[in-house]
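Asker: Once you've had a glance at the structure underneath, I'll fire off some questions.
Here it is in C-alpha cells:
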C-alpha cells in the first residue's frame with residue numbers, strides 16, 4: 015500500500031503527452047504535433063505558462079543540404095513525436111512542487127514540443143519528397159491547433175507568460191501579436207525570450223550560415239504563408255527571413271518582454287557562427303583570432319540588449335557573462351527579477 019501511495023504521488027508530478035487535434039498539423043516526419051499539459055489549480059487555475067521548447071533551425075548552405083539535414087532531424091525529437099515520453103516530469107519553474115517552485119507550481123503549463131524544424135511556424139500544403147523521404151512543413155498549424163484547443167480557457171486568463179528557449183524564444187516573440195489578438199486586452203501578457211538572440215552576422219570564415227538557412231527555409235516553408243509576426247512580414251515583404259533576427263523582431267513586440275541572454279551563447283556561437291573551439295564550457299582552447307571574434311559577438315549582444323532596454327521601458331533582462339544557454343526553465347532565482355518588471359506575478 016505504501017509503495018502504491020508513492021507511485022501515485024510520483025505520477026501527479028508528471029505531465030501527460032497530448033496530441034494536436036488538427037490532423038494536418040504534422041511534424042517533419044508526418045507524426046502529429048504534440049505538447050505536455052499541466053492543469054492549473056487553486057490560485058493558478060487562470061494563470062498560464064505557454065512554453066515553446068528549445069531547439070535549432072534546420073541548417074543548410076544549399077536547398078539540397080537543407081533537405082538532407084531536415085531528413086536527419088526527422089530521426090530526432092525535433093522532427094518527430096514518435097519517441098516522446100507519454101508522461102514527463104519537469105523541474106525548475108515547471109515543477110509542481112510548491113517548495114521548489116513557489117510562484118508557478120499551480121499554474122497551467124502548456125509545453126509545446128518542437129518538431130517542425132523551422133521554428134514553430136511555416137506551412138506547405140504538399141509533401142516535400144527528398145530521396146524517397148517524405149517531409150512536412152506544418153509548424154503554423156501545430157501552434158494554431160493548440161491555441162484553438164485552449165481558446166476557452168484563455169478567455170478567463172489573468173496572466174499569460176509566452177516563453178521559450180533558443181528557437182522557442184524566437185517563436186514566443188513571433189506569436190505574441192497573434193496570441194494577443196485571441197484574448198481580451200485586460201489580460202496581462204509577458205514574453206520571456208531565453209537565449210533567443212539571433213543576430214544577422216557573418217561567421218569567422220565570412221559566410222552567413224544562419225541567413226542562408228533562413229532564406230532557404232522561408233522559400234520552402236513560407237511560400238504559402240507569412241511568418242506569425244505579420245507587421246514585420248509586411249515591412250519586409252521579400253525578406254521575411256529578417257523577422258527572425260532579434261534586432262528586427264523586437265521593434266514589433268507590444269507586450270512586456272524579459273530577455274534572458276548569456277553574452278556567450280554557446281548555441282549561437284557553435285551552431286550558427288561555427289566557433290568550434292569551445293569545449294567544456296570554456297574558451298581555453300580558442301586561438302587569439304577566435305577570442306577576438308567571440309569578443310565581437312559579446313559586444314554585439316550587449317549593445318542589442320542595451321538598445322532593447324532603452325527603447326522599451328517594459329523590457330527587463332538577465333544577461334550573465336558566461337558560456338551557457340537555456341536558463342529560464344532551470345533557474346528559479348530568475349523569478350525574482352521577473353517580479354520587478356511584472357509585479358502581477360507576486361501574487362501566488
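Numbering (this note's numbering), first residue to last: 15 to 362. Built from N, CA and C at the ideal position, the CB exists for glycine as well.
Is residue 51 helix, strand or coil by DSSP?
Answerer: Residue 51 falls in the strand class under three-state DSSP.
Asker: What are the boundary residues of the alpha helix (DSSP H) that includes residue 319?
Answerer: Start and end: 302–325.
Asker: Using CA coordinates, which residue listed in 292, 228, 44 is at the minimum distance from residue 149?
Answerer: Of the listed residues, the one whose Cα sits closest to residue 149 is 44.
Asker: Count the C-beta pairs between the region 142–156 and the region 33–48 that are closer than 8 Å, then say yes if the count reaches three, no if not.
Answerer: In short, these stretches touch, since the Cβ pair count reaches three.
Asker: DSSP state of residue 76, grouped into three classes?
Answerer: Reduced to three states, the DSSP call for residue 76 is coil.
Asker: Where does residue 294 land, buried or exposed, given buried means 16+ other C-beta within 10 angstroms?
Answerer: Burial call: exposed.
Asker: Can the beta-carbon of residue 210 be found closer than 8 Å to that of residue 184?
Answerer: Contact flag set, yes.
Asker: Using only alpha-carbon positions, find the residue among 84, 96, 39 that is nearest to residue 31.
Answerer: The shortest Cα separation from residue 31 among 84, 96, 39 belongs to 96.
Asker: Tell me the DSSP secondary structure of residue 201 in three-state form.
Answerer: The answer is coil: DSSP assigns residue 201 none of H, G, I, E or B.
Asker: Taking 8 Å as the threshold (C-beta atoms), are residue 175 and residue 49 in contact?
Answerer: For residue 49 and residue 175, no; Cβs fall outside 8 Å.
Asker: Thinking residue 228 and residue 246 are a contact (beta carbons under 8 Å), I'd like their distance in whole angstroms, please.
Answerer: At roughly 13 Å, the Cβ-Cβ gap does not stay under 8 Å, so residue 228 and residue 246 are not in contact.
Asker: Would you call residue 336 buried or exposed, if buried means 16 or more other Cβ atoms sit within 10 Å of its Cβ?
Answerer: The residue is exposed, with fewer than 16 neighbouring Cβ atoms inside 10 Å.
Asker: Can you name the start and end residues of the beta strand (DSSP E) that residue 237 belongs to?
Answerer: Counting along the chain, residue 237 falls outside any beta strand (DSSP E), and DSSP gives it neither H nor E.
Asker: In the DSSP assignment, what are the bridge partners of residue 330?
Answerer: Its beta-bridge partners are 272.
Asker: Under a CB-based cut-off of 8 Å, is residue 66 close to chain D?
Answerer: The question asks about chain D, but that chain is absent: this structure has only one protein chain.
Asker: With distances taken Cα to Cα, identify the nearest neighbour of residue 78 among 248, 226, 252.
Answerer: When only C-alpha atoms are compared, the closest one is 226.
Asker: Taking residue 177 as part of the beta strand (DSSP E), name the residues at either end of that continuous run.
Answerer: 173–179 is the extent of the beta strand (DSSP E) around residue 177.
Asker: Does the contact criterion of 3 or more C-beta pairs under 8 Å hold for the region 189–200 versus the region 214–223?
Answerer: Segments in contact, no.
Asker: Taking the C-alpha atoms as reference points, what is the distance between residue 169 and residue 248?
Answerer: Going by the C-alpha atoms only, they are around 28 Å apart.
Asker: Thinking residue 72 and residue 87 are a contact (beta carbons under 8 Å), I'd like their distance in whole angstroms, please.
Answerer: Right, the Cβ-Cβ distance comes to about 6 Å (below 8 Å), so this counts as a contact.
Asker: So, helix, strand or coil for residue 28, using DSSP?
Answerer: Three-state result, residue 28: strand.
Asker: Of all the options 252, 287, 302, which has the alpha carbon lying nearest to the alpha carbon of residue 218?
Answerer: For residue 218, the nearest C-alpha among the options comes from 287.
Asker: Please work out which residues of its chain come closer than 6 Å, Cβ to Cβ, to residue 33, disregarding the five sequence neighbours upstream and downstream, and give them in chain order.
Answerer: 46, 48, listed in sequence order.
Asker: Determine the extent of the alpha helix (DSSP H) in which residue 137 is found, giving its start and end residues.
Answerer: Looking at the DSSP string, residue 137 is not in any alpha helix (DSSP H), and its letter there is neither H nor E.
Asker: Excluding the 5 residues preceding and the 5 following residue 198 in the sequence, name in chain order all residues of the same chain whose CB lies nearer than 8 Å to its CB.
Answerer: Around residue 198: 169.
Asker: Just the C-alpha distance for residue 66 and residue 157, rounded to the nearest angstrom, thanks.
Answerer: C-alpha separation (whole angstroms): 10 Å.
Asker: Can you give the Cα-Cα distance for residue 122 and residue 101, rounded to whole angstroms?
Answerer: So the two alpha carbons sit approximately 16 Å from each other.
Asker: Please work out which residues of its chain come closer than 8 Å, Cβ to Cβ, to residue 284, disregarding the five sequence neighbours upstream and downstream, and give them in chain order.
Answerer: Contacts found: 290, 292.
Asker: Count the other C-beta atoms from every protein chain shown that fall within 10 angstroms of the C-beta of residue 305, then say buried if there are 16 or more, exposed otherwise.
Answerer: Exposed, by the Cβ-count rule.
Asker: From the DSSP output, in three-state form, read off residue 245 for me.
Answerer: Residue 245 falls in the helix class under three-state DSSP.
Asker: How far does the alpha helix (DSSP H) with residue 60 in it extend, from its first residue to its last?
Answerer: First-last for residue 60: undefined, no H or E at that position.
Asker: Would you identify the three-state DSSP class for residue 34, choosing helix, strand or coil?
Answerer: Coil.
Asker: Can you list, in chain order, the stretches of the alpha helix (DSSP H) that have 4 or more residues and sit fully within the region 75–132?
Answerer: Counting only runs of 4 or more, we get 77–87.
Asker: Residue 239 to residue 153, Cα distance in whole Å?
Answerer: Approximately 11 Å, taken between the alpha carbons.
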